[in-house]
Amino acid sequence: MLLFLDIDGTLLPFGASGPYPEYEPDTALPGSAAGHPLLARIDPRLGPRLAALGCELVWATTWMDDANTCVSPWLGLPPLPVVEWPDEDEPSVLLHWKTRPLVDWADGRPFVWVDDEITGADRAWVAVRHPAPALLHRVEHRYGITDADLVALGEWLDTATA
12 MLLFLDIDGT LLPFGASGPY PEYEPDTALP GSAAGHPLLA RIDPRLGPRL
62 AALGCELVWA TTWMDDANTC VSPWLGLPPL PVVEWPDEDE PSVLLHWKTR
112 PLVDWADGRP FVWVDDEITG ADRAWVAVRH PAPALLHRVE HRYGITDADL
162 VALGEWLDTA TA
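Here it is as structure tokens:
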């Protein structure tokens, strides 16, 4: 099972009216990760919790390779595969620009996509065009991924893999 993971608004909350909690990493970080000003908003305890879901974690973010140089070390994760985004001449009006590339990347395998910009149009499109189970889970960008989100992911994974 693949788990496509966004960063901005998913792991890294933004747009809240109050201050964000700030976290410290569990270990020393490499140079590029140590100096990133927004990483402190990401709870480093999410890394082990995401890994415990038992999925193949894949970065699905505009951070591209910076996800592995900055965010993976912060979360205590190894380097993860990164979805390379194709250049689109005319993006779809209804679908998120990530939807088609993620379905192509999954290549018929079951997947979970966690992002803060997923809509019903994306869910409907995937339901019709993807042959395997897929969960498109929208996270509230002001808070990022929460305990309730992780519980929902775990419950869906339990039923999808049963």
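For the sequence shown, our numbering begins at 12 and goes up steadily by one. Using N, Cα and C, we set each Cβ at its ideal position, and we do this for glycine too.
message = Suppose only complete runs of 3+ residues qualify. What are the beta strand (DSSP E) ranges in the region 131-171, listed by chain order?
response = 145-149
key: Where Val114 sits in the DSSP three-state scheme   = Translated into the one-based positions of the sequence shown, residue 114 becomes position 103. If DSSP states are grouped into helix, strand and coil, Val114 belongs with the helices.
inquiry  = With the cut-off set at 8 Å, would you say Trp124 and His141 are in Cβ contact?
reply    = Taking the sequence shown and counting its residues from 1, one reaches residue 124 at position 113. Taking the sequence shown and counting its residues from 1, one reaches residue 141 at position 130. The answer is no: Cβ separation not under 8 Å.
inquiry  = Report the CB separation of Trp167 from Leu146 in whole angstroms; it is logged as a contact under 8 Å.
reply    = Counting from 1 along the sequence shown, the entry for residue 167 is found at position 156. Counting from 1 along the sequence shown, the entry for residue 146 is found at position 135. Yes, they are in contact, since the Cβ atoms of Trp167 and Leu146 sit about 5 Å apart, within 8 Å.
key: Cβ contact (3+ pairs, closer than 8 Å) linking the region 127-138 and the region 86-93   = no
key: C-alpha gap between Ser28 and Arg153, whole angstroms   = Walking along the sequence shown from the start, residue 28 turns up at place 17. Walking along the sequence shown from the start, residue 153 turns up at place 142. The straight-line gap from Cα to Cα measures roughly 8 Å.
task = With a threshold of 16 other CB atoms inside 10 Å of the CB of Asp127, please say whether the residue is buried or exposed.
result = Taking the sequence shown and counting its residues from 1, one reaches residue 127 at position 116. Buried, since its Cβ has 16 or more Cβ neighbours within 10 Å.
ask   = In whole angstroms, what is the alpha-carbon distance linking Ala62 and Glu99?
value = Here residue 62 is taken as the residue at index 51 of the sequence shown, counted from 1. Here residue 99 is taken as the residue at index 88 of the sequence shown, counted from 1. Distance between the alpha carbons of Ala62 and Glu99 is about 32 Å.
task = Using the Cα positions of Met12 and Pro55, report the straight-line distance between them to the nearest angstrom.
result = For this step, residue 12 is matched to residue 1 along the sequence shown. For this step, residue 55 is matched to residue 44 along the sequence shown. Roughly 23 Å separates the two Cα atoms.
request  = Could you tell me the boundaries of the beta strand (DSSP E) in which Trp85 lies?
outcome  = Position 74 of the sequence shown, counted from the first residue, corresponds to residue 85. Segment 83-86 is the alpha helix (DSSP H) holding Trp85; no beta strand (DSSP E) there.
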